[in-house]
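Q: Quick one: structure below, then a few questions.
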Amino acid sequence: IMSRISVLFVCLGNICRSPTAHAVFQSMVDKQGLSDQIYVDSCGTGDWHIGYAPDPRSQQHALDRGYQMDNLRARLVNDQDFDQFDYILVMDKQNLADLKAMNCQNFTGELGLFLDFCRNPNFSDYSEVPDPYYSGDQGFSFVLDLIEDASAELLLQIKDRI
Ligand code: 4NP
């Protein structure tokens with residue numbers, strides 16, 4: 019029997035880190051022919067950038083690695099997300115605290131730090147995806163390194179469930 023699994027990536031602005039995770043993980047899902055079984059989305063805890071496309075720097079660094087993200091638009095997290103997603107994966111501990119302060123008592127899925135899925139020992143010191151917003155190119159590139167590693171392991175674990 020096949021069940022559909024849904025994944026929501028969350029950061030602060032929903033213009034740098036979580037849309038990058040959205041695009042990278044969606045690309046891996048698509049490449050493995052699992053688009054019908056795995057639904058992917060992203061959102062932010064802050065409302066400054068609602069309706070905006072991802073930061074041009076995030077878009078360019080993603081495109082350099084073959085990930086297109088210009089179709090994504092920032093949205094705010096809402097209470098219904100806790101009814102609709104199996105995995106809610108956040109980029110940092112502040113995101114986690116902000117979500118736990120919402121109406122999530124009945125949430126039965128997995129809420130946690132995305133980088134808990136990292137397998138590369140080089141990244142074992144990182145529990146949070148550093149916000150690249152005020153950093154240079156290397157910040158955006160490193161966000162992709164972390165996200166690619168965590169995404170690969172997340173997909174392996176989800177494939178065990180579908
Ligand atoms: P994100 O990065 O949370 O990875 O989308 C940020 C983008 C913008 C702001 C903060 C974080 N901001 O405060 O404008």
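My numbering puts the sequence shown at residues 19 to 180.
Cβ atoms here follow ideal geometry from the backbone N, Cα and C, with glycine treated the same way.
From the DSSP secondary-structure annotation, give me the bridge partner or partners of ALA108.
A: According to the sequence as given, residue 108 is Val; it is not Ala. VAL28 and LEU131, per the DSSP bridge assignment.
Q: How should LEU174 be labelled, buried or exposed, when 16 other C-beta atoms within 10 angstroms of its C-beta is the threshold for buried?
A: exposed
Q: Excluding the 5 residues preceding and the 5 following ILE68 in the sequence, name in chain order all residues of the same chain whose CB lies nearer than 7 angstroms to its CB.
A: Closer than 7 angstroms at Cβ, skipping near neighbours: ALA92, ARG93 and LEU94.
Q: Are the segment 119-128 and the segment 151-161 touching by the rule of at least three beta carbon pairs closer than 8 angstroms?
A: By the Cβ criterion, the segment 119-128 is not in contact with the segment 151-161, since fewer than three pairs of Cβ atoms, one from each stretch, lie closer than 8 angstroms.
Q: Between TYR85, GLN86, ALA119 and ASP82, which has its C-alpha nearest PHE100's C-alpha?
A: ALA119
Q: Is the segment 80-88 in contact with the segment 109-123, if contact means three or more CB pairs nearer than 8 angstroms?
A: no
Q: Am I right that CYS34 and PRO148 are in contact with their C-beta atoms under 8 angstroms? What's the rounded C-beta distance?
A: No, CYS34 and PRO148 are not in contact; Cβ-Cβ is about 10 angstroms, not under 8 angstroms.
Q: Give a single yes or no on whether ALA35 has its beta carbon closer than 7 angstroms to a heavy atom of the ligand 4NP.
A: The identity of residue 35 in the sequence shown is Arg, whereas the question assumes Ala. Because some heavy atom of the ligand 4NP lies under 7 angstroms away, the Cβ of ARG35 counts as near it: yes.
Q: Which residue from SER53, LYS111 and SER45 puts its Cα closest to that of GLN86?
A: Ranking SER53, LYS111 and SER45 by Cα distance to GLN86 puts SER45 first.
Q: Tell me the DSSP secondary structure of VAL42 in three-state form.
A: helix
Q: Can you give, in chain order, each stretch of the alpha helix (DSSP H) that sits fully within the segment 39-104 and has at least 4 residues?
A: 74-82 and 99-102
Q: Measuring only the C-alpha atoms, how far is ASN96 from ASP116?
A: 11 angstroms
Q: Sorry if obvious, but does the Cβ on ASP149 come closer than 7 angstroms to a heavy atom of the ligand GTP?
A: Looking for the ligand GTP in the displayed structure turns up nothing; the ligands present are the ligand 4NP.
Q: Could you say which of CYS136, ILE56 and ILE106 lies nearest to VAL28 if we only look at CA atoms?
A: Distances from the CA of VAL28 to each of CYS136, ILE56 and ILE106 were compared; the closest alpha carbon is that of ILE106.
Q: Any heavy atom of the ligand 4NP closer than 7 angstroms to the CB of GLY31?
A: Under cutoff, so the answer is yes.
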